[in-house]
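Residue 159 in the working numbering sits at position 130 of the sequence shown; the count goes up by one each step and never skips. Below you'll find the structure, written out as structure tokens, and then a few comments.
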Amino acid sequence: PNDKLTYGSFSMKKLLCKLVAATTLVACSSVAMAAADGFFMHAKVGWAQSDYSTSDFNYMNASSINEEGLSFSPSFGYQVNPNYAVELTYLDWATDVDNIALNSNPTGQTTLRNGSINNYSLDVSAKGMLPLDQVKEGLGLFAKLGAAYVQSIKSGGLNDSSLGNDYHNTYAIRPITTLGVSYELNEGTVLDLGATHLYKGGGIQSADFTYIGFARHFG
């Protein structure tokens with residue numbers, strides 16, 4: 030499948046650029062910059078989906094791929110000011126592959142045992158925030174851009190080195206982006222809704238995570 034942002038195609042990329050540019054303008058135009066907010070913890074729960082299909086594996090001609098499910102993602106970050114923060118995030122993406130069937134191949138196998146693909150990512154991202162206090166006090170938009178170290182671990186029948194690189198564990202660094210909206214419930218507690226996209230490459234398939242999260246600031 031073509032790798033694209035599932036929450037907006039190319040226009041979403043334009044929105045990301047505009048949002049980052051807007052936060053930069055707000056920060057530069059401020060006469061007095063707010064004091065640093067300090068460290069925060071961020072917990073997110075939502076729906077993860079990876080874009081795997083039988084065409085991503087040599088010799089595979091049939092299977093049942095369950096490529097989505099509930100996931101939990103913890104983060105730890107540091108907010109520099111009301112417009113910028115840095116965040117370290119862990120996310121577990123899981124994909125089950127059942128009823129695997131192969132066509133003819135060099136090893137002579139015709140079927141495989143059921144297996145799974147567990148993708149684990151750890152990313153460091155820069156976060157730009159645009160307060161919308163003129164609309165509603167405590168409301169804001171945010172965008173994140175970062176690099177994710179991704180481990181794609183094959184288990185069960187999918188872990189068969191005799192079938193080639195598609196059936197090996199894979200490790201890669203991939204771009205990752207997030208767009209969302211946040212609301213400050215009270216001093217130091219923030220609710221947010223977001224959509225994260227992991228870009229394919231290096232043997233890693235694209236993936237998406239749509240979530241609701243709570244952040245607690247300790248500054």
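Ideal placement from N, C-alpha and C gives every residue a C-beta, glycine not left out.
For secondary structure counted as the beta strand (DSSP E) over 3 or more consecutive residues, the stretch 135-161 holds these complete runs in sequence order: 144-160. Segment contact: the stretch 125-140 against the stretch 231-242, fewer than three CB-CB distances shorter than 8 angstroms; contact not assigned. Counting C-beta atoms within 10 angstroms of its own C-beta, residue 200 has fewer than 16 neighbours from the protein chains shown and is therefore classed as exposed. Pairing residue 173 with residue 154 gives a Cβ-Cβ distance under 7 angstroms. For a cut-off of 8 angstroms, the C-beta gap from residue 112 to residue 157 is around 6 angstroms, short enough to register as a contact. Annotation for residue 167: no beta strand (DSSP E) segment contains it, and DSSP assigns it neither H nor E.
By the neighbour-count criterion, in which 16 or more other beta carbons inside 10 Å mark a residue as buried, residue 203 falls on the buried side.
Taking C-alpha positions only, residue 171 is separated from residue 82 by approximately 32 angstroms. Collapsing the DSSP output to three states places residue 81 in coil. In the three-state scheme derived from DSSP, where H, G and I count as helix and E and B as strand, residue 110 is classed as strand. Looking at the DSSP output, residue 180 bridges to 149 and 200.
Here the C-alpha atom of residue 152 lies approximately 39 angstroms from the C-alpha atom of residue 133.
Look at the beta carbons and you see the stretch 205-213 touching the stretch 160-170: at least three pairs across the two are nearer than 8 angstroms.
Residue environment: residue 122 is assigned as buried (16 or more neighbouring CB atoms within 10 Å of its CB, all protein chains considered).
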